[in-house]
Amino acid sequence: MKIINLKKEDKALYRPFSKDVAIVEVPGFQFIMIDGAGDPATSKEFQNAIEALYSLSYTLKFETKKGVLAIDYGMMPLETLWWADDMSAFTQNRRQEWRWTAMIRQPEFITRRMYDQAVAKVGTKKNPVALDKVRFESYVEGRCAQRLHIGSFEEEAVTIAAVHERIDQEGGTEKGKHHEIYLSDMRKTAPEKWKTIVRQPFG
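If you read the sequence shown in numbering that gives the first Met the number 0, its first letter stands for residue 0, the second for the next number, and so on.
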């Protein structure tokens, strides 16, 4: 059986340093995604989105492992794109105005047919509330600045500022959406040890 570790293959994108801001080129990857709005800490919509994403991702993983492809691969981490119609909603902590896209990357050999079959299977077995909101599509970021943040989300401001400063040094302009990749299992890890990649596309 073939075993794949996408985080290891794309080490530059998923294992950055916490002291330095790196400039990376992020190609197009395919994801299962759900859009939503509101404070993720209290929003039932966000919780429902995460349930649907993981249900589908694990189903795809297990079906691929035992199917014709016979490929085992590590689950990719949860990622979220963040934005607001008025970006001051972030600096002023108006979380009810936050908008987000929660997503999990899928290997390139996962096809639309495999995804549709997984949706049908999950719908029959678990039928999570947000299943009908999930979509399967590619997402391209291109040139980005990123840095590993260690600590709680409330302490991210310094890391975000460092990322934006590096973009200024490169003579670039921020574009696209603020991107976070969650490397830690927050259910089992103390907040001061959470590892989050903070990424910002720029041009």
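We put the beta carbon where it would ideally sit given N, CA and C, even for glycine.
Query, Result
"Contact the region 151 to 169 vs the region 66 to 82: 3+ CB pairs below 8 Å", "no"
"Enclosing alpha helix (DSSP H) for residue 95 [first to last residue]", "No alpha helix (DSSP H) contains residue 95, which DSSP labels as neither H nor E."
"Segment limits, alpha helix (DSSP H) that includes residue 62", "43 to 65"
"Proximity to residue 174 [Cα-Cα], best of 180, 181 and 166", "166"
"Integer Cβ distance of residue 47 from residue 133, believed to fall under 8 Å", "With 8 Å as the limit, residue 47 and residue 133 do not qualify as a contact, their Cβ atoms being about 11 Å apart."
"Burial state of residue 108 (16 or more Cβ within 10 Å)", "exposed"
"Whether residue 17 touches residue 146 by CB criterion (9 Å)", "yes"
"Euclidean distance between Cα positions of residue 195 and residue 70", "28 Å"
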